[in-house]
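Remarks on the structure that follows.
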Amino acid sequence: MTHPRTRRRALQALGTGLAATLAGCGGGGSRTDTGVSAEPPGSPALEAAGTWPSHRYDATNAAVVADGTGLPDIETYWILDAGDVPAVANGALYNWHTDTSRTGLTRRDSGTAAETGHVSLAVTGTNSPPTVVDGGVYGTDAERAYRFDVAGDAIRWRGPEMPGVRAPPTVAGGVVYVRTRGDENTDAHLRALDAETGATRWRHETTGEAGSPVAVSGDTVYLTGEDGIHAIETRTAETRWHRALSDVRGSTPVVSNETVFVVDDAAGLVAVDVRTGEDRWRALGDAAIVGTPVVAGDAVHVGGDPLVSLDPSDGRVVTEFGEAGRPVGRRGGTLYAVDRDTLRAFDVADGRQRWWYGTGSANIGDTVVRGIDGVTPVDGAVYISAADGLHGIGRPRS
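Numbering (numbering that gives the first Met the number 0), first residue to last: 0 to 397.
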């Protein structure tokens, strides 16, 4: 999630070309083989609505908006040098934009990505995307957390130094949860900061070098480590339960349906009761699971080859999508998944691929780089942060 290179240098090496805009249903799509390297504002303007205020939409990490509206078909609106993976709230995009040796938090118009606010930091290595909650924008770099004010374009506070931060913050209930893998001078730990002041409420030591984000639901924080998954109380940091698992230190926990889901590289997808820490079920133990599941009330979408949906009650495979992919989010009945440099949209009802969208490449020195860093799906639009820039795609205009 850390992006030390600059998007500008990548785009300067591309030159200027035209993006293909042909998009179709039932597996049709578009590919941007050369990309458009242009400064904001983008044109035409996207008609975007709804929010996606953090990396996995909210603190549960489920990455689902049940009443949202996915894109049934697409058209490329613009591809811009406009920063990294955005969060969307208050009718605006918020993202990090690195130029030379400085990183800035930018606020942008959701339709054109035109910059409407900027706060500069004398750092690089920020973790994308920021999180927007209750009038504050929260972010992390490799050593600390920050709060920015939405209205004032100013830093409210800087958190204490804690080297080894590798993920965006999780914000819930007036608390900012920041995790560090530690370094030679700092032990690995999770820290709870007051969202208004940045003051430390508590510090909880963790095991090993795991640095994945935590999940928060109700009065419990869920985090993974070398020794399994832990549930701790949000007010006191006291351990509620610990479930021993063999290899989940790189897994991001997801909470939904009174269950916490984690990927164990040895055991597959493990569904654990949030109250007791006991297994509900295990699935896909022989499969190579890719990424973090997207979990809705009616299905658990799990990445791999192929992408599949499981019944949340017992882990049975109910849908195979026929394509490989890493699920990144769901709005209503549309599931979005990344397959290397391609974004795919699926109908969750029947597994049909609605469309695909391929991103372009960039030259970093002598290296050709392709791939998608992050996807931000809202109603009426999807923002894709890729090697060749920030893509804005939306409904076809005609």
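For each residue, glycine too, the CB sits at the ideal point set by N, CA and C.
Given the structure is predicted, the values throughout are model-derived calculations rather than measurements.
When you compare only the Cα positions, how much space is there between residue i and residue j?
{"i": "V316", "j": "R202", "result": "40 angstroms"}
{"i": "A121", "j": "G82", "result": "16 angstroms"}
{"i": "V269", "j": "V261", "result": "5 angstroms"}
{"i": "G215", "j": "R242", "result": "Looking at the sequence provided, one finds Val at residue 215 rather than Gly. Answer to the nearest angstrom: the Cα atoms are 17 angstroms apart."}
{"i": "I392", "j": "E46", "result": "10 angstroms"}
{"i": "G357", "j": "D108", "result": "24 angstroms"}
{"i": "L104", "j": "T341", "result": "27 angstroms"}
{"i": "G314", "j": "A230", "result": "22 angstroms"}
{"i": "A91", "j": "R106", "result": "7 angstroms"}
{"i": "T125", "j": "A86", "result": "14 angstroms"}
{"i": "G41", "j": "D338", "result": "26 angstroms"}
{"i": "E183", "j": "E204", "result": "15 angstroms"}
{"i": "G173", "j": "D365", "result": "46 angstroms"}
{"i": "G69", "j": "V293", "result": "15 angstroms"}
{"i": "V374", "j": "A48", "result": "15 angstroms"}
{"i": "P71", "j": "S29", "result": "14 angstroms"}
{"i": "G116", "j": "T130", "result": "16 angstroms"}
{"i": "L334", "j": "Y93", "result": "23 angstroms"}
{"i": "I371", "j": "E232", "result": "35 angstroms"}
{"i": "T50", "j": "A61", "result": "15 angstroms"}
{"i": "A380", "j": "G331", "result": "14 angstroms"}
From the DSSP output, read off the bridge partner residues of residue i.
{"i": "H54", "result": "DSSP, once it has assigned bridges, lists no residue as partnering H54."}
{"i": "V259", "result": "V254, V271"}
{"i": "A380", "result": "V377, G393"}
{"i": "V347", "result": "Its beta-bridge partners do not exist; DSSP assigns none."}
{"i": "A191", "result": "Y176, W201"}
{"i": "E46", "result": "Answer by DSSP bridge pairing: none, since E46 is not bridged."}
{"i": "G227", "result": "G224, A243"}
{"i": "V132", "result": "G135"}
{"i": "Y76", "result": "Bridge partners of Y76: none, in fact."}
{"i": "D148", "result": "G135, A153"}
{"i": "N94", "result": "T105"}
{"i": "P326", "result": "A336"}
{"i": "N362", "result": "V367"}
{"i": "T219", "result": "S216, E232"}
Which term fits residue i, buried or exposed, when burial requires 16 or more other beta carbons within 10 angstroms of its beta carbon?
{"i": "E74", "result": "buried"}
{"i": "D304", "result": "exposed"}
{"i": "S360", "result": "buried"}
{"i": "T235", "result": "exposed"}
{"i": "V367", "result": "exposed"}
{"i": "T223", "result": "buried"}
{"i": "P39", "result": "buried"}
{"i": "P376", "result": "buried"}
{"i": "P128", "result": "buried"}
{"i": "L389", "result": "buried"}
{"i": "A194", "result": "buried"}
{"i": "D349", "result": "exposed"}
{"i": "D80", "result": "buried"}
{"i": "P52", "result": "buried"}
{"i": "G207", "result": "exposed"}
{"i": "L21", "result": "Confidence in L21 is poor, its pLDDT being 35 and thus under 50, which makes the residue's placement too unreliable to answer from."}
{"i": "S397", "result": "exposed"}
{"i": "T238", "result": "exposed"}
In terms of alpha-carbon separation, which member of the options lies closest to residue i?
{"i": "S250", "options": "I231, E225, D349", "result": "E225"}
{"i": "G321", "options": "V327, G332, G314, G302", "result": "G302"}
{"i": "P311", "options": "S42, A282, P39", "result": "A282"}
{"i": "D378", "options": "L342, A88, T291, G207", "result": "A88"}
{"i": "T219", "options": "P71, E183, R180, D272", "result": "D272"}
{"i": "I288", "options": "G331, V299, T205, T125", "result": "V299"}
{"i": "V307", "options": "T206, R351, S255, G276", "result": "R351"}
{"i": "L244", "options": "W95, G388, D264, Y176", "result": "D264"}
{"i": "P168", "options": "P43, H54, P292, V293", "result": "H54"}
{"i": "D387", "options": "A37, G27, G28, S29", "result": "A37"}
{"i": "E142", "options": "R157, I78, T130, L334", "result": "R157"}
{"i": "V254", "options": "G41, S29, D57", "result": "D57"}
{"i": "G267", "options": "E277, D365, N256, A286", "result": "A286"}
{"i": "G110", "options": "Y382, Y221, S397", "result": "Y382"}
{"i": "T196", "options": "P159, G284, Y76", "result": "P159"}
{"i": "T258", "options": "W354, G210, R274", "result": "R274"}
{"i": "R155", "options": "R165, L309, R369, G138", "result": "G138"}
{"i": "R343", "options": "Y221, N256, M161, A323", "result": "A323"}
{"i": "A112", "options": "R394, S384, S397", "result": "S384"}
{"i": "L309", "options": "G331, W280, T333, Y335", "result": "W280"}
{"i": "P252", "options": "T59, W240, G27, P43", "result": "T59"}
{"i": "R248", "options": "S211, T291, R369", "result": "S211"}
Assuming the contact rule is C-beta atoms closer than 8 angstroms, residue i and residue j should be a hit. Round their C-beta distance to whole Å, please.
{"i": "V347", "j": "R329", "result": "7 angstroms"}
{"i": "T199", "j": "G163", "result": "About 16 angstroms; that fails the 8 angstroms criterion."}
{"i": "V149", "j": "G134", "result": "5 angstroms"}
{"i": "V132", "j": "A295", "result": "Not a contact, Cβ separation roughly 22 angstroms."}
{"i": "L189", "j": "V213", "result": "6 angstroms"}
{"i": "V175", "j": "A144", "result": "6 angstroms"}
{"i": "A187", "j": "T179", "result": "6 angstroms"}
{"i": "M161", "j": "V136", "result": "Between V136 and M161 the Cβ distance is about 19 angstroms, and since that is not below 8 angstroms, they are no contact."}
Is there a C-beta anywhere in chain B that falls below 8 angstroms from the one on residue i?
{"i": "R274", "result": "The chain labelled as chain B is not found in the depicted structure, where only one protein chain is given."}
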